[in-house]
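Comments concern the structure below.
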Amino acid sequence: MALEALGPIFIKFGQMLSTRRDLLPEDIADELQKLQDQVPPFCGAEATTLIEEALGEPVSQVFAEFSVDPLASASVAQVHKATLHTGEEVVVKVIRPNIHKTITQDIQLLHSLAQLIQHYSQDGKRLRPVEVVSDYEKTIVNELDLLIEAGNTSQLRRNFEQSELLYIPQIHWQYCRNNVLVIERIHGIPVADIAALNAQHTDMKKLAERGVEIFFHTGIPR
């Protein structure tokens, strides 16, 4: 796919578009959907090295089992399945090597394009592309720090601790670093896999209602 060749920033854009099936033909939306977790992975041996450097010990000491083959791969990171010595199933998320430099270069390009659009386009001032890129830059930079993701996940878990609406997996903080995150593995069906949900006779109306309830629940100060 062309977006994969353009780099992580543009893959992120494709991921965003994949959620807008109301705007795109089904075949294009299906292809863009693959960008969520089917981006070509980087070498599993390199991922192992990154994990060992971050944690300061061999993966064999941290995990009873560790799969070198990635479970899924996206624009910024990829995940590997593993088992702790306690027997708990986990997934290990690893930031792609050299991704910070690539992201910085892509963001600089987007800023240049945004300035051109704002200066020369009739709709430039109304669309405010420079502000859009600046906001996007903050979002993507936060994604490069997995300790931020770990903190947000832990807070969400606390918010839903007494709720039956949503289960949030547990973060294993002792194995988390800026570029490595270890989290409880849970099994289920992706919410975008409508065929699989229907095969399980999922009540789609109830699923949608719970989704809305979860959305507003997370917005309530606690």
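Sequential numbering of the sequence shown, starting at 1, is according to our numbering. Virtual Cβ for every residue (Gly too), placed ideally from N, Cα, C.
- Every alpha helix (DSSP H) of 4 residues or more that sits fully in the segment 110 to 194 is shown, in chain order, as 124 to 127, 129 to 143 and 146 to 159.
- Minimum Cα-Cα distance from G56 among the listed residues E149, E161, G124 and N179 corresponds to N179.
- In this structure A77 is not in contact with V90, their Cβ atoms being roughly 15 Å apart against a cut-off of 8 Å.
- C-alpha of Q118 to C-alpha of Y136: approximately 16 Å in a straight line.
- Taking a contact to require three or more Cβ pairs closer than 8 Å, the segment 124 to 142 and the segment 158 to 176 do not qualify as touching.
- In this chain, T48 is not harboured by any beta strand (DSSP E); it is covered by the alpha helix (DSSP H) spanning G44 to L55.
- For Q78, the uninterrupted beta strand (DSSP E) run begins and ends at A77 to L84, by DSSP.
- The C-alpha of E184 lies about 12 Å from the C-alpha of T86.
- The residues L165 and L166, in chain order, have a CB closer than 6 Å to that of I214 in the same chain once the five nearest residues on each side in sequence are set aside.
- In this structure, R96 lies near F42, with their beta-carbon atoms less than 7 Å apart.
- DSSP places V90 in the uninterrupted beta strand (DSSP E) bounded by E89 to I95.
- Judged by DSSP secondary structure, V59 falls within the alpha helix (DSSP H) whose first and last residues are V59 to V62.
- Per the DSSP secondary-structure output, F215 pairs with nothing in a beta bridge.
- Separation of the CB atoms of L84 and F63 is rounded to 6 Å, and the pair is thereby assigned contact status at 8 Å.
- In its chain, beyond the 5 residues on either side, H80, A82 and V182 have a beta carbon closer than 6 Å to the beta carbon of V92.
- For L146, same chain residues with a beta-carbon under 8 Å away, outside a window of 5 residues either side, are A77, K93, I95, C176, R177, N178, N179, V180 and L181 in chain order.
- Restricting attention to E88, F66 and L156, the CA atom closest to the CA of F216 is found in L156.
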